[in-house]
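In our numbering, the protein residues as written are 3 to 222.
Read the structure below first, then the notes.
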Amino acid sequence: MQEVTELNHRALGEVIAKLRELEPRGPRTLLLLSPSDEDIDFLRGQFPNARLLVATRGNWDLNQPFPARARVDLVVASNVFHYSPEPERWFANVLGMTRYFIIQDLVSRRRSTAPDGLCDDGDRMRYSYSSEGIESDFAGAYDLAAQARRIHAFLRFDGGRNEHHAPPLPAPVHYGALLKGSEEAWARPALSGGAYVKYRWPLLRRVWRRTARRVLGWRS
């Protein structure tokens, strides 16, 4: 496993520990936003009794509200929100459909040689948290203070380096946070029926393909 992934998962584990203080039984439904295979394995280990679901750009555009008038217990987004053109909207759309939201993302990290350090894969945003004295070196960073009333835990940590973020630059800075969903989200019925299948299927398909590659030598 790459150093960056190990550091990210370690931080997610610390934030998850804060969630367990609030919800010792853990979530029944857990929606992962555009996860890697490593993220899926890690979170399945953290929440073995949860029903895992997956949302990708193909079944939920985060610029729009959640398609179903329902909620899940927990959403996890790891290195997803730095692609957001409008973080305020993305936060509103996620917090409007979940009881809790765990996010891990970037404060200061260069991903290219461009002056702003952004990569050409849709990379758009970095984050600061002025209430905690966390400042990004990215001009126009989104200030998480706008979400302060919903933030129950916040963690700043050093991320792993890449070829664009090497010494003498200081280490990249990442963050993890636990937020509570909106009152409307808590009042919604649990995700079920066809909507549940819609977000369960991408996970099952990915698990099947991984198993086929490993056991049968199948290639997509």
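Note that CB positions come from ideal geometry on N, CA and C, so glycine has one too.
I42 has no beta-bridge partner at all, per DSSP. Rounded to the nearest whole angstrom, the CA to CA distance from Y129 to S138 is 6 Å. Cα atoms of L9 and Y144: separation of roughly 23 Å, rounded to the nearest angstrom. According to the DSSP assignment, V109 belongs to the beta strand (DSSP E) that extends over 100–110. Pairing S132 with L55, the inter-Cα distance amounts to about 33 Å. Less than 8 Å divides the Cβ of T31 from the Cβ of V74. Following the DSSP letters along the chain, one finds A79 inside the beta strand (DSSP E) bounded by residues 74–80. Under a 10 Å Cβ-count criterion, D123 is classified as exposed, with fewer than 16 other Cβ atoms of the shown protein chains found around its own Cβ. Look at T7 here: in three-state DSSP terms it is helix. Contact between the segment 95–103 and the segment 41–60 is not established, with fewer than three Cβ pairs separated by less than 8 Å. In this structure, W62 is the residue among R12, W62, A214, D39 with its C-alpha nearest to the C-alpha of A197. Shown here for S36: same chain residues with a beta carbon closer than 6 Å to its own, the five before and five after excluded, namely T58, V82 in chain order.
Inter-residue distance for L24 and F44 is about 21 Å (C-alpha atoms, whole angstroms). A straight-line Cα-Cα distance of about 27 Å links R27 and W92.
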